[in-house]
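Numbering (this note's numbering), first residue to last: 1 to 288. Quick notes on the structure that follows.
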């Protein structure tokens with residue numbers, strides 16, 4: 001019986017020491033997109049949706065408005081399948097490298113990331129050179145009208161997404177410059193949803209935020225000042241140092257939180273538990 005008591009005490013001490021030694025209780029994930037693209041609004045939409053421009057394999061992504069008031073929206077999806085199922089997401093940031101700014105831009109122009117609610121594709125289209133006009137869409141490309149070129153349409157022109165934006169920041173006019181969409185409750189919820197239900201991961205769409213938002217047909221953002229505000233960012237096809245980047249902090253499902261102890265507190269606890277084990281081994285003192 002005494003030996004069994006000692007084993008119990010030793011087990012408690014070992015468990016506490018091992019748990020305390022398991023800190024930190026969080027892990028990090030970081031990766032570039034596994035696909036990205038740009039949606040190009042076209043003037044031909046005034047006669048119906050015939051948009052067929054994309055930039056799936058290009059080095060750049062675009063968001064904002066052109067000199068004629070036509071809009072660009074960037075699509076990004078990140079593969080988070082390496083985050084263990086059951087993990088708890090605690091922080092999320094998205095970083096893009098701005099490399100060119102249209103002449104009518106303001107340092108206060110706001111750009112928001114919105115969670116996409118439908119799947120979309122990245123083909124082999126490449127605008128070449130500056131890429132601002134895009135290129136003819138190829139198989140699997142997303143366009144302003146279609147999620148997958150000549151296969152499946154968006155329910156709404158310009159993409160299907162949740163509102164309001166999960167994170168919004170001002171993208172300035174200095175370039176090159178890194179811009180970080182800092183962690184928000186909505187960004188955390190987006191990634192948590194993708195970890196819990198991987199089939200729902202369609203990524204985000206980057207849109208210039210206007211109040212009120214522009215109407216659906218080309219050029220109607222112009223009265224709101226949305227002319228020549230487009231930003232150009234590096235895509236996943238760019239150099240490694242400037243590719244878009246998702247960074248996630250999470251708690252793995254196996255982590256059990258243990259109150260933090262100082263080295264002295266930990267030593268005192270271990271001493272008390274070992275004293276109890278020795279007492280159990282010696283047993284009660286015999287009556288004299």
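Don't be surprised by glycine CBs; every beta carbon is placed ideally from N, CA and C.
Host alpha helix (DSSP H) of residue i (start-end)
i	result
residue 188	185-196
Boundaries of the beta strand (DSSP E) in which residue i is found, first to last residue
i	result
residue 204	204-209
residue 143	Unbroken run through residue 143: none, as it is neither H nor E.
residue 28	27-31
residue 110	110-115
residue 60	60-65
residue 101	88-101
residue 173	Note, residue 173: premise wrong, no beta strand (DSSP E); not H, not E.
residue 131	First-last for residue 131: undefined, no H or E at that position.
residue 38	35-40
residue 76	71-77
residue 249	245-251
residue 119	No beta strand (DSSP E) holds residue 119; DSSP gives it neither H nor E.
Residue i burial status per 10 Å Cβ neighbour count (16 or more: buried)
i	result
residue 180	exposed
residue 33	buried
residue 199	exposed
residue 294	Here the chain has residues from 1 to 288 only, and residue 294 is not among them.
residue 240	exposed
residue 96	buried
residue 37	buried
residue 164	exposed
residue 66	buried
residue 227	buried
residue 229	buried
residue 107	exposed
residue 105	buried
residue 103	exposed
residue 94	buried
Proximity below 8 Å, CB of residue i to CB of residue j
i	j	result
residue 196	residue 99	no
residue 114	residue 204	yes
residue 92	residue 25	no
residue 42	residue 75	no
residue 111	residue 209	yes
residue 87	residue 252	yes
residue 31	residue 246	yes
residue 171	residue 109	yes
Nonlocal neighbours in the same chain, by C-beta distance under 6 Å from residue i, ignoring five residues either side
i	result
residue 29	83 and 248
residue 35	77 and 122
residue 167	113, 181, 184 and 187
residue 126	57, 58 and 135
residue 169	181
residue 236	32, 33, 36 and 243
residue 173	101, 105 and 107
Same chain only: Cβ atoms within 7 Å of residue i, ignoring 5 sequence neighbours per side
i	result
residue 175	98, 99, 100 and 101
residue 190	115 and 166
residue 162	114, 115 and 117
residue 271	none
residue 238	59
residue 133	127
residue 177	98
residue 124	56, 57 and 138
residue 160	116, 117, 118 and 154
residue 145	49, 51, 153, 154 and 157
residue 250	26, 27, 29, 83, 87, 88, 89 and 90
residue 61	36, 38, 74, 233 and 235
residue 151	none
Neighbourhood of residue i by C-beta distance below 8 Å, restricted to the same chain and skipping five residues each side
i	result
residue 143	39, 40, 51, 52, 53, 54, 137 and 149
residue 194	80, 200 and 201
residue 213	Annotation note: pLDDT 48 at residue 213 (below 50); position unreliable, no value reported.
residue 64	71, 72, 102, 105, 109, 111, 208, 226, 229, 230 and 231
Do the region 53-66 and the region 130-142 meet, that is, are 3 or more Cβ pairs less than 8 Å apart?
yes
Give a yes or no on contact between the region 156-164 and the region 80-89, applying the rule of three or more CB pairs nearer than 8 Å.
By the C-beta criterion, the region 156-164 is judged not to be in contact with the region 80-89, since fewer than 3 inter-stretch pairs fall below 8 Å.
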